[in-house]
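J.:
Protein chains: 2
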Amino acid sequence: MLLAERQSLILKELNHKGRVYAADLAQQLGVSEDTVRRDLNQLGERQMLRRVHGGALPMQLDVPDYADRLEVKHPAKQKRANAALAFIQPRQTILLNSGETCLYLAKAIPRDMPLTVVSACPLIACELVHHEKVEVILLGGTFFKPALRCVGTAATNTLRKMRFDSYFTGACALHPERGFSAKYLEEAEIMRVSVEQADQTIVMGGVDRLGLISNHQVANVRELDVLITDQDADAAIVQALQERNLQVVQV
Amino acid sequence: MLLAERQSLILKELNHKGRVYAADLAQQLGVSEDTVRRDLNQLGERQMLRRVHGGALPMQLDVPDYADRLEVKHPAKQKRANAALAFIQPRQTILLNSGETCLYLAKAIPRDMPLTVVSACPLIACELVHHEKVEVILLGGTFFKPALRCVGTAATNTLRKMRFDSYFTGACALHPERGFSAKYLEEAEIMRVSVEQADQTIVMGGVDRLGLISNHQVANVRELDVLITDQDADAAIVQALQERNLQVVQV
DNA sequence: CCTGTTTATGCATGTTTTTGCCGATTTTAC
DNA sequence: GTAAAATCGGCAAAAACATGCATAAACAGG
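Chains as they are written, first to last, in this note's numbering: chain S, 1 to 251; chain L, 252 to 502.
This is the structure we're talking about:
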């Protein structure tokens, strides 16, 4: 094994695991610990990694774990996100809306699942940094802070040029007759296009969002495909939605 | 588990929960309480947290100045970022590269300064969420994880349609004769356009980046305007850069 | 092809760092 | 005031480390 090749492997391992131990590397690479240490020191000098006692850590600044602090707060959202995972197949191209539930979904994606994820939410991009197999495409534009996402013609125009296997979104408001609606005009605009460009739309929303109507219409129920909601959702509403051809999953 | 890694986790936990107990941490991290105490004491000495009997609290609790709250993992980068602030005037439109120093700069922007910030780095967008007066425009495209930024034609095309008062960037490598260069091709591409579209380019880089040459040329020294570096930068290199019309600020 | 030089590697040496434990001391809570 | 918890200091074992040295391979240049 060549020196450069070995150092390359070390960096790869580091990138993959987020940390490497000198002793482990020595065994894995079939060289002495001294050699590994020399490699690590060299890579450290070249700013390719952060050398620490016992091994090395990545150079790159650690991405703050925005979703972690929410974890305990909303187990229900977590549950719905996990259920949504079932609608993702390897190698698909999916579109993720912004919002807490979508953030949970991004976080829940298995680290070894090859996937293309498109989103207008920078938080989701940050969350997917450590998913090696996930290619992330970020929709740019004006950063609309109330929804933590990009909006505007730049984003919608890019969207119109793409097709998605699935569009995942949280539910601002979902009403059997008045359909799916959102709070902000800017957001509704881009969500409308999102629904159009995706083969199927999967809405994740708690019982508190069902039967609601918000400011701006996004789509009617027949344009949606799946709703993931709680066990204790109002049976009448669920039935009304099912009659409009919406598959309802209760977790 | 590496020491640095463990301390990092402690800080993260502290950040999320707002307080940590030595006993809990010991159990959580699978080390003895003595080790945790040593970690806490070290982090305390490094001003990363406030050590108290039984555990630790975040630094900012009795530091009213909100700006002091950032983790100062790299005081030198922080210093350079603060110096760069002097080159920003209210109501300007500035372009921020990705990288840790730029992240510090974004954080250091006064909360009441009206500004338009453009960046291809989602982290920077996230950091600016709470800057009410700052309008953020995110450049979309393929998310290039090694540099934590978006790259590709989408981003460069958007860039070409804009003008900026200033472009701020960290220094991968700056050499008097060979100019400013970057590690990745994708990154160099977009940085080149960035320099072109901005009235002035301000480079922030430690002494360890001066005199280096990296893989992909971005600009020659005469295309740059300001370098912010350390006091102990190599005098010969500094002079060579100044002779090429680069204003050098040493902090 | 031969020879001197550089480079990469492993080993032996002694040193430093990290860590857990123990007993003594301080702080906290009741 | 007392008991429990937390802390401090020192100590020792294990791990990680730096250093010098020897060997072998790769290289350069006649």
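We put the beta carbon where it would ideally sit given N, CA and C, even for glycine.
Everything numeric in this text was worked out from a predicted model, so none of it was measured.
(1) Looking at the unbroken beta strand (DSSP E) that takes in I453 (chain L), where does it start and where does it end?
(2) From what residue to what residue does the beta strand (DSSP E) around D165 (chain S) run?
(3) Tell me the DSSP bridge mates of I124 (chain S)?
(4) Residue ranges of each alpha helix (DSSP H) run of no fewer than 4 residues wholly in the segment 214–244 of chain S, ordered along the chain?
(5) Could you compute how far the alpha carbon of H381 (chain L) sits from the alpha carbon of V387 (chain L)?
(6) Nearest-angstrom Cα distance between F415 (chain L) and I441 (chain L)?
(7) Determine the direct distance from the alpha carbon of V203 (chain S) to that of H467 (chain L), and round the result to whole angstroms.
(8) Mind listing the chain S neighbours of C505 (chain L)? Cutoff is C-beta to C-beta under 7 Å, in chain order.
(9) So what does DSSP say about L399 (chain L), is it helix, strand or coil?
(10) Buried or exposed: where does Q78 (chain S) fall if 16 or more other Cβ atoms within 10 Å of its Cβ makes it buried?
(11) Under a Cβ-count criterion, where at least 16 other Cβ atoms within 10 Å of its own Cβ denotes burial, should S445 (chain L) be classed as buried or exposed?
(12) Taking 8 Å as the cut-off, does the segment 112–127 of chain S touch the segment 356–367 of chain L (at least 3 CB pairs, one atom from each stretch)?
(13) Which residues of the segment 381–396 of chain L have a Cβ closer than 8 Å to any Cβ of chain S? Give them in chain order.
(14) By how many angstroms is the C-alpha of V477 (chain L) removed from the C-alpha of Q498 (chain L)?
(15) Using 8 Å as the limit for Cβ to Cβ distance, is H252 (chain S) near chain L?
(16) Using three-state DSSP, classify Y435 (chain L) as helix, strand or coil.
(17) Around the Cβ of E383 (chain L), are there at least 16 other Cβ atoms within 10 angstroms (buried) or fewer (exposed)?
(18) Which two residues bound the contiguous alpha helix (DSSP H) that contains S8 (chain S)?
(19) Residues of the segment 3–28 of chain S with a CB closer than 7 Å to any CB of chain L: list them in chain order, please.
(20) Between V303 (chain L) and A274 (chain L), what straight-line distance do the alpha-carbon atoms span, to the nearest angstrom?
(21) At a CB-CB cut-off below 8 Å, which residues of chain S make contact with P361 (chain L)?
(22) Pairing CB atoms from the segment 257–268 of chain L with CB atoms from the segment 234–244 of chain S, are three or more of them under 8 Å?
(23) In chain order, what residues of the same chain lie with their CB nearer than 6 Å to the CB of V271 (chain L), ignoring the 5 residues before and after it?
(24) For S98 (chain S), which residues from the same chain have a beta carbon less than 6 Å from its beta carbon, with the 5 sequence-adjacent residues on both sides left out?
(25) Could you tell me which chain S residues have their CB closer than 8 Å to the CB of P373 (chain L), listed as they occur along the chain?
(26) Are C102 (chain S) and F168 (chain S) closer than 8 Å when you measure CB to CB?
(27) Going along chain S in order, which residues have a C-beta closer than 8 Å to the C-beta of A503 (chain L)?
(28) What residue does the alpha helix (DSSP H) around P365 (chain L) start on, and which one ends it?
(29) Determine, using beta carbons only, whether I213 (chain S) and A188 (chain S) come nearer to each other than 8 Å.
(30) Near P90 (chain S), what residues of its chain come up, given a Cβ to Cβ distance below 8 Å and the 5 sequence neighbours on each side ignored?
(31) Whole angstroms are fine: how far does the CA of Q298 (chain L) sit from the CA of H426 (chain L)?
(32) So what's P58 (chain S) in DSSP terms, helix, strand or just coil?
(33) I'd like the span of the alpha helix (DSSP H) that includes Q293 (chain L), first residue to last.
T.: Taking the geometry as given:
(1) 449–455
(2) 164–170
(3) Bridge partners of I124 (chain S): none, in fact.
(4) 235–243
(5) 11 Å
(6) 14 Å
(7) 44 Å
(8) Outside the displayed span of chain L (252 to 502) sits residue 505 (chain L), for which this structure offers no information.
(9) coil
(10) buried
(11) buried
(12) no
(13) E386, V387, I388, L389, L390, G391, G392, T393, F394, K396
(14) 5 Å
(15) No information on residue 252 (chain S) is available, as it lies outside the stretch 1 to 251 that chain S covers here.
(16) coil
(17) exposed
(18) 3–17
(19) R19
(20) 13 Å
(21) Ordered by position in chain S, no residue passes the 8 Å Cβ test against P361 (chain L), which lies about 17 Å from the chain.
(22) no
(23) E264, L265, G306, A307
(24) C121, A147, L148, R149
(25) P122, L123, A125, C126, L138
(26) yes
(27) This structure gives no information on residue 503 (chain L), because the portion of chain L shown stretches from 252 to 502.
(28) Unbroken run through P365 (chain L): none, as it is neither H nor E.
(29) no
(30) M113, P114, L115
(31) 35 Å
(32) strand
(33) 284–296
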